[in-house]
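In full-length UniProt numbering, the protein residues as written are 1 to 241.
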Ligand SMILES: [Fe+2]
């Protein structure tokens with residue numbers, strides 16, 4: 001499956017531009033500066049003026065760090081997903097929401113997959129974390145309990161992770177970064193922010209259909225990468241239990 005760039009409509013271009021510009025204006029002071037730096041670095045191949053072209057994006061990413069984007073037809077089996085991550089391939093859909101759905105999505109579209117997920121792969125600690133996470137999925141994910149635990153870890157880091165910065169909490173999770181509503185929600189009073197602890201996250205179930213109330217905050221992307229070791233020990237224990 002590939003991206004047929006000629007299929008995008010004027011409405012798609014408008015959706016892409018509207019979402020991109022809205023979050024570009026919304027994120028400074030809310031997203032971690034590293035995300036914004038990475039987005040900036042990618043601006044030749046990722047910008048509001050043209051819908052992302054996977055050939056151009058991949059050419060750039062491959063030259064920088066060996067990652068690439070692969071097209072998937074919506075949700076894929078979780079073991080395929082782990083395997084792709086372990087090979088430094090990130091899955092993306094190729095469709096965009098409609099203008100009347102800017103704030104509501106039942107499943108992730110290309111704006112979420114690309115704008116939310118791809119920029120931070122330019123950060124080596126973050127990218128190595130995602131790759132190692134994929135490798136652990138390949139090695140241990142056949143165990144159903146472990147599969148669930150890995151999904152939780154992914155949810156509370158890659159999708160909804162927060163990161164401490166000297167000026168306060170900042171966001172890095174793609175589910176927040178790609179959504180204006182989720183972004184602003186982080187800076188309201190009714191959320192619980194806990195320090196990132198692998199064992200706590202592995203036990204924490206989540207609901208995908210509601211706005212989040214509990215988040216885990218890392219100290220740095222290096223901490224995230226370093227947590228892979230502890231993650232592997234916990235998974236090994238679970239598998240051999
Ligand atoms: Fe996502």
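For glycine and all other residues, C-beta sits at the position ideal for the given N, C-alpha and C.
These numbers come from a predicted model, not from an experiment.
Closest in C-alpha terms to residue 122, from the list 42, 2, 229 and 19, comes 42. The beta carbons of residue 103 and residue 181 sit closer together than 8 Å. Across the structure, residue 23 and residue 30 are spaced so that their CA atoms are roughly 10 Å apart. Beyond the five residues adjoining it in sequence on each side, residue 21 comes within less than 6 Å, by CB distance, of 48 in the same chain, given in chain order. Note that the C-beta distance between residue 78 and residue 92 is not below 8 Å. Two segments are said to touch when three or more pairs of C-beta atoms, one from each, lie closer than 8 Å; by this definition the region 128-138 does not touch the region 182-197.
Distance from the CA atom of residue 27 to the CA atom of residue 165, rounded to whole angstroms, is 14 Å. In this chain, residue 178 is not harboured by any beta strand (DSSP E), its DSSP state being neither H nor E. For residue 182, the shortest separation between its Cβ and any heavy atom of ligand 1 does not lie below 7 Å. CA-CA distance, residue 11 to residue 60, rounds to 27 Å. DSSP places residue 114 within a helical segment (H, G or I) once states are collapsed to three.
When secondary structure is reduced to three states using DSSP, residue 154 falls in the helix class. Closest in alpha carbon position to residue 124, among 88, 217 and 168, is 88. Of the residues assessed, residue 116 falls on the buried side of the cut-off, its CB having 16 or more other CB atoms within 10 angstroms.
Where residue 201 is concerned, there is no enclosing beta strand (DSSP E), although the alpha helix (DSSP H) around it starts and stops at 198-203.
Across the structure, residue 194 and residue 227 are spaced so that their CA atoms are roughly 16 Å apart. For residue 33, the enclosing alpha helix (DSSP H) covers residues 33-41.
For residue 159, the three-state secondary structure derived from DSSP is helix.
About 20 Å separates the beta carbon of residue 215 from that of residue 119, a gap too long to meet the 8 Å contact definition.
The beta-bridge partner set that DSSP reports for residue 218 consists of 163.
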